[in-house]
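Residue numbers (mature numbering (1 follows the signal peptide of the UniProt record, and there is no 0)): -19 to -1, 1 to 131. See below for the structure under consideration.
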């Protein structure tokens, strides 16, 4: 009986991170840190929040869109790879044809870039699903680095 009472008391305690991810950049940063990513936060040129991350020696950013009162309705993971050589458009097109998640392109300087958009809409997404997104992003980065021979 004591174990049951203790378990119920623990279940009623507030958690530091909500079960539903609603587009709060602070919460998203915490979840990223919990997933083992190094993060720092700033704002972009438009005043919207932005997170800079590092995972497996790869730098990336999380850009936030449609923000109002501290909550953002969508976000975008993005990583660019400064390339002193040149990668072909065919290589990037092969990625887009073979992979469902993660859009790739060459930027204006011919460097490969990968992006992944997340819609949080009105009700957000569950914490477990967001953790799956973070795992998926880590895998995408690794696969993309291999694809472009980085």
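Just so it is clear, CB atoms sit at the ideal spot from N, CA and C, and this is done for glycine as well.
What does the Cβ neighbour count give for residue i, buried or exposed, with the cut at 16 atoms within 10 Å?
i           : result
residue 9   : buried
residue 71  : exposed
residue 65  : exposed
residue 131 : exposed
residue 107 : exposed
residue 85  : buried
Short check: CB of residue i to CB of residue j, under 8 Å?
i           : j           : result
residue 1   : residue 105 : yes
residue 16  : residue 41  : no
residue 121 : residue 36  : no
residue 62  : residue 92  : yes
residue 53  : residue 101 : yes
Given this structure, state the Cα-to-Cα distance separating residue i from residue j, to the nearest angstrom.
i           : j           : result
residue 55  : residue 34  : 17 Å
residue 19  : residue 78  : 31 Å
residue 112 : residue 12  : 7 Å
residue 51  : residue 45  : 11 Å
residue 144 : residue 3   : Beyond the ends of the chain as shown, which are -19 and 131, falls residue 144; an answer cannot be given.
residue 49  : residue 103 : 12 Å
residue 57  : residue 83  : 10 Å
residue 32  : residue 7   : 9 Å
residue 97  : residue 119 : 11 Å
Tell me whether residue i, by its Cβ, gets closer than 7 Å to a heavy atom of the ligand HEM.
i          : result
residue 28 : Ligands in the displayed structure: none, and consequently the ligand HEM is not present.
Quick one, which of the options has its alpha-carbon nearest residue i's?
i          : options           : result
residue 90 : 108, 69, 103      : 69
residue 5  : 39, 97, 116, 30   : 30
residue 76 : 127, 52, 46, 44   : 127
residue 47 : 99, 110, 80       : 99
residue 81 : 102, 92, 103, 117 : 117
Measure from the C-beta of residue i to each C-beta in chain C and report whether the shortest distance is under 8 Å.
i           : result
residue 125 : Annotation note: the requested chain C is absent from the structure, which comprises a single protein chain.
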